[in-house]
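In the numbering used here, the protein residues as written are 631 to 917. From the three backbone atoms N, C-alpha and C, an ideal C-beta is built for every residue, glycine too. Written out below as structure tokens is the structure these notes cover.
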Amino acid sequence: MSSAEQHVLTASEYVVHHLTHLQSAKPKSIVDFSVINYDSLIFSILLGVVACFVLWRAARAATSGVPGRFQIAVEMLVEMVESQAKGIVHNANSRKLVAPLALVVFVWIFILNAMDLLPVDLLPAIWSSVYGATGHDAHHAYLRSVPTADLSVTMGLSVGVLLVCLVYNVKIKGVGGWVHELFSAPFGDHWALYPFNFMMQIIEFVAKTVSHGMRLFGNMYAGELIFLLIAMMGGAWSLSATGIGLAIGQIIAGSAWAIFHILIITLQAFVFMMLTLVYIGQAHDAH
């Protein structure tokens with residue numbers, strides 16, 4: 631057995647290993663757009679397909695007779711999203727696209743968030759066994775299974791919402807009307823105020839987009855980190871073979887946090903969906 635295989639990860643190495651992505655290359659700076667996080671990309675696409683399949687399966691199995699539990703659950707979800715969209719986006723024609731978009735956003739992000747409920751070592755261990763890799767030097771065994779704990783994913787989602795908002799700004803107000811709004815709001819339609827109005831509009835778009843993505847990322851990253859800390863309680867007990875309280879504490883803390891985290895993953899999906907509706911609704915309003 632090699633020294634890499636004999637090496638036991640310290641607590642800090644364990645956390646760093648689990649928070650490192652399976653990447654196309656090592657980032658050269660904090661922001662490096664040339665690097666692709668393969669794990670986030672693969673899980674996002676696969677779970678996106680799952681979300682679409684679930685909704686398609688519900689639509690295909692829908693019946694006008696006595697509905698099953700699955701159909702009732704999906705119908706309740708659709709009605710909830712539709713009622714929220716109707717209260718925020720007042721354009722009935724726009725809601726034909728916006729409401730289904732909000733539904734897909736909620737279901738997709740909920741499933742992405744739910745990956746945090748899997749045991750933290752389950753998928754990385756499977757991935758490591760595929761390559762026969764062990765030890766802290768097994769760089770190809772890096773794997774993160776919660777895409778929403780990746781800032782590039784959450785910011786990508788928020789930028790997508792921004793693009794939809796820009797499209798609706800132009801569609802509803804026209805190019806000329808939207809350009810006029812960029813320079814005349816919020817301080818007033820006067821040539822001396824045009825630079826300040828435009829600057830404030832750009833700041834508003836950037837702030838909404840950044841906060842939209844950062845909010846989801848921050849909550850899911852913190853949740854993932856707490857699961858890692860709880861997992862280390864069991865690891866400390868198994869390594870020392872003493873302190874049975876650590877093992878019991880891991881079971882209690884892990885169960886309690888998982889139950890509470892169900893609320894968090896649902897709430898964060900709902901908040902992201904609601905902000906999507908709010909921002910698109912604002913695109914319909916004239917200043």
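Range of the contiguous alpha helix (DSSP H) that encloses W808: L781 to S814
Enclosing alpha helix (DSSP H) for P730 [first to last residue]: In the DSSP assignment, P730 falls within the alpha helix (DSSP H) that extends over A722 to A744.
Element boundaries [alpha helix (DSSP H), containing F663]: From DSSP, F663 is part of no alpha helix (DSSP H); its letter is neither H nor E.
Bridge-paired residues (DSSP) for Q653: N667
From V737, G818 and T693, residue whose alpha carbon lies closest to that of M710: Taking only the C-alpha atoms, the option nearest M710 is V737.
A729 beta carbon less than 8 Å from that of A715: The criterion of a C-beta distance shorter than 8 Å is satisfied by A715 and A729.
Straight-line gap, I739 to H820 (C-alpha atoms, nearest Å): Straight through space, the alpha carbons of H820 and I739 are spaced by roughly 43 Å.
Proximal residues to G853 (C-beta, below 7 Å), its chain only, five neighbours per side dropped: D746, H891 and I894
Classification of V750 by the beta-carbon crowding that lies within 10 angstroms, buried from 16 upward: V750 should be labelled buried.
DSSP state of L820 mapped onto helix, strand, coil: The sequence shown places His at residue 820, rather than the Leu named in the question. Of the three classes helix, strand and coil, the one that applies to H820 here is coil, per DSSP.
Helix, strand or coil at S694 according to DSSP, with G and I counted as helix: coil
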